[in-house]
Each structure stands twice: as structure tokens, then as C-alpha cells.
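Asker: Taken in sequence, the protein lines are chains A and B. Counting from 390, one number per residue, gives the positions in the first sequence under our numbering. Counting from 718, one number per residue, gives the positions in the second sequence under our numbering. Beta carbons are placed, not taken as given, at the ideal position from N, Cα and C, and that holds for glycine.
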Amino acid sequence: MRAPSSELPIVFDGVTVTAGPVTILDRIALTLAPGAPTVLIGPNGSGKSTLLRVAMGLLAPSRGRITWGGLENVPPLKRAIVFQRPAMLRRSAAANIRFALRAAGMPRAEHARRTGELLEHVGLGHLADRAARKLSGGEQQRLALARALARDPAVLFLDEPTASLDPTATKAVEDIIRTVSERNIKVVMATHDLGEARRLAGDVVMLHRGRIVETAAAASFFDRPQTAEAKTFLAGELLV
Amino acid sequence: MPNDVTALQLVLGGDPALFAIVWLSLYVSLSAVALAALIGIPLGAWIALTKFPGRQGVIVLLNALMGLPPVVVGLAVYLALSRSGPLGAFGLLFTAPAMIIAQTVLVTPIIAALTRQTIEDLWIEYRDELTAMNLGPLGRVTALIWDARFSLVTALLAGFGRAAAEVGAIIIVGGNIEGFTRTMTTAIALETSKGDLPLAVGLGLVLIAIVIAVNALAWTARRAGERLAG
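Structure below.
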């Protein structure tokens with residue numbers, strides 16, 4: 390079992406992000422605590438990806454503050470993120486993992502063993518020597534997960550990791566996400582796929598136009614949505 | 718019209734004078750490209766990844782320097798290396814190292830400018846990943862240069878093309894001394910002016926063949942590398 394992480398809880402306190410005249414996140418107050426996956430849902434442009442970037446520390450709030458384990462300005466040593474379209478380094482799958490291990494400061498002597506473990510974990514052991522850019526979309530996404538896990542993160546952010554994947558590849562990625570969560574790694578995932586949110590979420594944060602409109606345990610959210618926006622979104626109607 | 722058979726005979730017959738000229742030309746041009754790569758690749762990568770006041774002006778200047786007139790570079794290097802110049806004490810004027818210096822000055826902006834563009838484009842693609850990995854500046858630069866290695870071959874080839882074809886700078890700082898600083902391009906210029914067209918044509922054929930061979934070799938290596946690394 391993983392020891393309690395100093396990264397958690399991640400607390401957003403009135404976080405606003407603007408880009409010129411556009412407000413992307415609007416006074417976000419949110420606590421991401423240890424436990425089951427937190428899934429951010431909402432239509433395109435609702436601010437899910439930006440919220441993940443702020444939580445990862447890639448983007449500073451325009452106003453408000455964010456803390457990791459009660460501290461501000463914590464370097465992302467135990468946080469990792471998988472982007473919707475991860476950039477594959479122009480190397481083999483195994484070399485992509487080794488690169489991440491080096492970046493995370495793991496001793497070189499352990500690289501081979503850990504690389505093998507991670508590739509097996511995501512089902513890519515047989516493709517270790519294949520050029521990463523020649524892998525299929527689903528395989529690249531799994532490799533990106535392995536690369537993120539190379540950092541031995543306490544928190545793993547996933548930005549629509551199954552968007553544009555077929556059902557088989559989606560299931561493979563979701564299976565990995567479940568095993569990651571079972572290892573007490575906090576998963577925070579953005580998606581606009583309600584089915585995926587139902588399958589994976591422990592709790593749900595719904596965003597619309599940069600604001601949190603509803604936060605609830607997954608069962609409660611899907612069975613008894615409280616806000617008009619959530620009801621509209623769950624009914625499959627257009628939320629504009 | 719030159720006698721083509723005579724030109725070919727010179728090439729195929731293994732004329733020692735001709736091969737000495739070819740060897741010196743390759744030595745000077747490849748040395749200049751190697752030195753320019755050592756300077757230009759890190760410089761281009763640094764400009765690509767660093768924000769500083771006047772950066773846009775530096776980029777414009779660097780791009781403009783790709784078109785440096787060789788005779789102007791030759792004159793500047795000549796003044797620097799001449800007996801009364803700041804580097805006169807080294808006694809390099811009219812030697813192969815002087816020609817290497819002049820060609821390095823010409824080639825460095827080409828490699829630096831093309832590297833800057835290549836690394837900047839790749840950085841757009843990699844920025845999020847490398848930032849999320851908490852990589853420091855040195856880690857970013859080395860990762861980007863390594864992953865851009867196949868594209869950077871093109872920058873090196875452009876530099877080699879410039880060096881191999883160049884005559885204005887090296888004729889000023891090298892002096893075109895037979896058996897000492899005479900290269901293919903300076904020899905072609907000289908022999909043409911003397912009316913010895915077979916030798917000039919022979920050297921021209923060799924020069925073109927070398928440029929094609931180097932490009933073919935680099936292209937083959939690039940394709941093989943891309944097949945392996947993606």
C-alpha cells in the first residue's frame with residue numbers, strides 16, 4: 390500500500406484562469422482528496438483540461454490559489470499527466486519509458502527492470518523495441534500511461550485518455566486506470582463520455598462554462614442530479 | 718567546348734594532384750561543418766527555447782546571416798588573421814585552418830538558423846510532456862536535439878552544400894596556393910581563367926559527385942534511422 394501522499398489533498402481556493410478577455414476557469418473551489426477516481430465531466434470548452442493543467446502545476450491561476458498537501462509551489466515530482474494526444478518521443482517504446490525514469494531521477498541500474506515492469510503492466514511488453522510513433526493510437530495511449538507511471542506518481546491526471554479510441558482500446562486503457570487506482574494512486578480524469586464516467590468514477594465534478602455546477606459521489610450524481618445543467622447533460626441533450 | 722574524354726581520364730586515372738585537391742577540399746569543408754555544428758546546434762536550440770529581450774531581432778539577424786556574402790567573410794577573416802590583425806600572431810593566414818575558420822563563419826548561421834526553427838517546431842509538440850516531467854533546461858535541450866536528429870541532418874547538409882560550393886572566402890584567406898591551399902572550387906576558378914578546361918571540368922565532375930554522394934549517404938542514414946526510431 391502506498392503511504393499517504395504529501396501531494397494530497399489538492400485544494401483549489403477561488404481559482405480563476407483567464408486568457409485575455411476570456412475566463413476559462415471561474416472561481417473554482419474544489420478539494421481533490423485521496424480515494425476513488427475523481428472524474429471531471431462537462432461539454433467541450435467547459436474548462437476540464439485547464440483545471441487538470443492547473444492541478445498538475447503546468448498553469449498558474451490568474452487569481453486564487455492552489456495548494457498540494459497544504460503547500461503552494463510544490464514541484465510536480467509526484468504528479469503525472471497523460472494528455473489526450475500524448476507526444477511520443479522519437480525512440481522505441483522502451484526508450485520512452487527509460488527517458489521518463491531518467492527524468493524522474495531513478496538510478497540507471499534499475500531502468501531495465503522497471504521499464505520491463507511498466508511495459509508489461511500496460512500490455513506492451515512485446516512491443517518494447519517498436520518505434521513509439523509507429524504504435525497504434527491505443528498502444529500509444531497505454532505507453533503514455535506507462536510513461537506517466539514511471540514517475541511513481543501519487544496523483545495521476547488523465548485528460549480524455551480514451552477520446553478517439555475504439556471500444557477495445559478504450560477497455561484496455563480503462564482496465565489500466567482501474568489497476569492504477571487500486572494501487573492507491575489518486576486518479577483525476579477528464580472526459581465527456583458519460584459511460585466512461587459511470588464505469589470509473591468514485592466522485593464526479595461537473596463543469597460548465599468554467600464553473601463547477603455540481604460535485605457529488607458518482608452514484609448520487611448519476612441517479613439524482615441536482616442542477617439543471619447536470620440533468621440536461623445526463624439526458625444527452627445539448628448543453629450550450 | 719572542353720574535351721570531356723580528357724576530363725574523365727583525369728578523374729578515372731587517379732591523378733595525384735587532382736586527388737590532393739579533392740582531399741583538401743573535403744578536409745576543409747567537413748571540418749568547417751563539424752565546427753559549425755558544435756557551435757550552431759546548441760546556439761540554435763538555445764535561441765529556440767529561451768525568451769530574452771530582442772529575441773525576434775536575433776532571429777531575423779540569424780536568418781539574414783544565412784546569406785552572408787563569402788567575399789565579405791573572407792575579407793573579415795583576412796583582416797583578423799593578417800599580421801597586424803587581432804589573430805595575426807597565430808600565423809594562420811594562407812593555411813588550411815584559415816579556410817576552415819572562414820567556412821565555419823559562413824556555415825554556422827545556416828546550421829543555427831535551421832536548428833532554431835526545427836527545435837522550436839518540436840518544442841511546440843513536446844512542451845507539455847517535457848514540462849510535466851519537470852525536466853530542466855539542459856534536459857530539454859538534449860532531448861529535443863536528440864529527437865530532432867534526423868531533421869538536423871538536413872541542416873548539416875545545407876551547411877556542407879554551402880561550404881563545398883564556396884570559393885570567395887577561401888580564395889582570399891587561403892590564397893589558392895598549389896599543393897597547400899588549393900581546393901576544388903579555387904582550382905576550378907583558376908583553371909577556367911587559364912583556359913585549362915579539362916581539369917576544371919574534371920574537378921567540377923568530382924565536386925558534383927561528392928555532393929551527391931554525401932547527400933545520398935545522409936538521406937540513406939536518415940531513412941534507416943527513421944525506420945528504427947519512428
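1) Using CA atoms only, rank isn't needed, just tell me which of A/Asp-541, A/Ala-558 and A/His-581 is closest to A/Glu-549.
2) Scan the stretch 473-492 of chain A for residues whose Cβ lies nearer than 9 Å to a Cβ of chain B and list them as they occur along the chain.
3) With which residues is A/Ala-517 paired in a DSSP beta bridge?
4) Please tell me whether B/Tyr-843 has its Cβ less than 8 Å away from any Cβ of chain A.
5) What do you get for A/Gly-436, buried or exposed, if any count of 16 or more other CB atoms within 10 angstroms of its CB means buried?
6) Beta carbon of B/Ser-742: closer than 7 Å to some heavy atom of the ligand ATP?
7) For A/Glu-603, report the span of its beta strand (DSSP E) as first-last.
8) Please list the partners that B/Asp-864 has in chain A, where partner means a Cβ-to-Cβ separation under 7 Å.
9) Given a cut-off of 8 Å, decide if B/Leu-782 and B/Ser-799 are closer than it, judged by their beta-carbon atoms.
10) With distances taken from CA atoms, which of B/Arg-939, B/Met-816, B/Gly-921 and B/Thr-909 is nearest B/Leu-874?
11) Once you ignore the five residues that flank B/Leu-741 on each side, which residues in its own chain have a CB closer than 8 Å to its CB?
12) What in chain A is Cβ-close to B/Thr-848, meaning under 7 Å?
13) Please report the Cβ distance between A/Met-595 and A/Phe-622, rounded to the nearest whole angstrom; I am assuming they are in contact, meaning their Cβ atoms lie under 8 Å.
14) State the Cα-Cα distance for the pair B/Thr-1000 and B/Ala-917, rounded to the nearest angstrom.
15) Is A/Leu-466 close to chain B, meaning its C-beta is less than 8 Å from at least one C-beta of that chain?
16) Consider the Cβ of B/Leu-855: report whether some Cβ of chain A lies at a distance smaller than 8 Å.
17) Between the stretch 749-756 of chain B and the stretch 866-883 of chain B, can you find at least three pairs of beta-carbon atoms closer than 8 Å?
18) Tell me which same chain residues have a C-beta within less than 6 Å of the C-beta of A/Val-471, skipping the five on either side of it?
19) Using a Cβ cut-off of 8 Å (strictly closer), state whether B/Ala-872 contacts chain A.
20) Is A/Ala-469 close to chain B, meaning its C-beta is less than 8 Å from at least one C-beta of that chain?
21) Are there three or more Cβ pairs, one per stretch, closer than 8 Å when the stretch 604-621 of chain A is compared with the stretch 772-791 of chain B?
22) Alpha carbon to alpha carbon, what distance is there between B/Val-923 and B/Leu-729?
23) Do A/Ile-417 and A/Leu-440 count as a contact pair if the criterion is CB distance below 8 Å?
24) At 4 residues or longer, what runs of the alpha helix (DSSP H) sit wholly inside the stretch 406-472 of chain A?
25) On a CA-only basis, which of A/Lys-620, A/Glu-618 and A/Ile-601 is nearest A/Gly-403? Give me that one, please.
26) Using a Cβ-Cβ cut-off of 8 Å, state whether A/Ala-543 counts as contacting chain B.
27) Taking the alpha helix (DSSP H) that B/Ala-849 falls in, what are its first and last residues?
28) Closest Cβ-Cβ distance between A/Ala-624 and chain B: below 8 Å?
29) Whose CA, out of A/Ala-552, A/Ala-619, A/Ser-481 and A/Asn-573, lies closest to the CA of A/Glu-396?
30) For the candidate residues B/Phe-769, B/Val-789 and B/Asn-932, whose alpha-carbon lies nearest to that of B/Pro-871?
31) Where does A/Arg-391 sit, in a helix, a strand or coil, going by DSSP?
32) Please return the same chain residues whose Cβ sits closer than 8 Å to the Cβ of B/Leu-792, not counting the five positions on each side in sequence.
33) Is A/Ala-520 close to chain B, meaning its C-beta is less than 8 Å from at least one C-beta of that chain?
34) Would you kindly check if the distance between the Cβ of A/Pro-450 and the Cβ of A/Thr-405 is under 8 Å?
35) Who does A/Met-595 pair with in a DSSP beta bridge?
36) Taking the C-alpha atoms as reference points, what is the distance between A/Arg-452 and A/Ala-422?
Answerer: On the basis of the data shown:
1) A/His-581
2) Pro-475, Ala-476, Met-477, Leu-478, Arg-479, Arg-480, Ser-481, Ala-484, Phe-488, Ala-489, Arg-491 and Ala-492
3) In the DSSP assignment, A/Ala-517 is bridged to no other residue.
4) Taking a beta-carbon distance threshold of 8 Å, B/Tyr-843 counts as an interface residue toward chain A.
5) buried
6) This structure lacks the ligand ATP; in fact it carries no ligand of any kind.
7) 600-606
8) Simply Leu-478 and Arg-479.
9) no
10) B/Arg-939
11) Within the same chain, B/Leu-741 has close Cβ partners Ala-813, Thr-898, Arg-899 and Thr-900.
12) Leu-447
13) 7 Å
14) Given a span of 718 to 947 for chain B in the structure shown, any question on residue 1000 of chain B remains unanswerable.
15) yes
16) no
17) yes
18) Ala-533, Leu-534, Ala-537, Leu-547 and Pro-550
19) no
20) yes
21) Verdict: no, contact absent.
22) 10 Å
23) yes
24) 437-445
25) A/Ile-601
26) no
27) 813-849
28) no
29) A/Asn-573
30) First, the amino acid is wrong: residue 871 of chain B is Thr here, not Pro. With distances taken between Cα atoms, B/Thr-871 lies closest to B/Asn-932.
31) With a pLDDT of only 48 at A/Arg-391, under 50, the local geometry of the prediction cannot be trusted, and no value is derived from it.
32) Ile-889
33) yes
34) yes
35) A/Ile-430 and A/Glu-603
36) 22 Å
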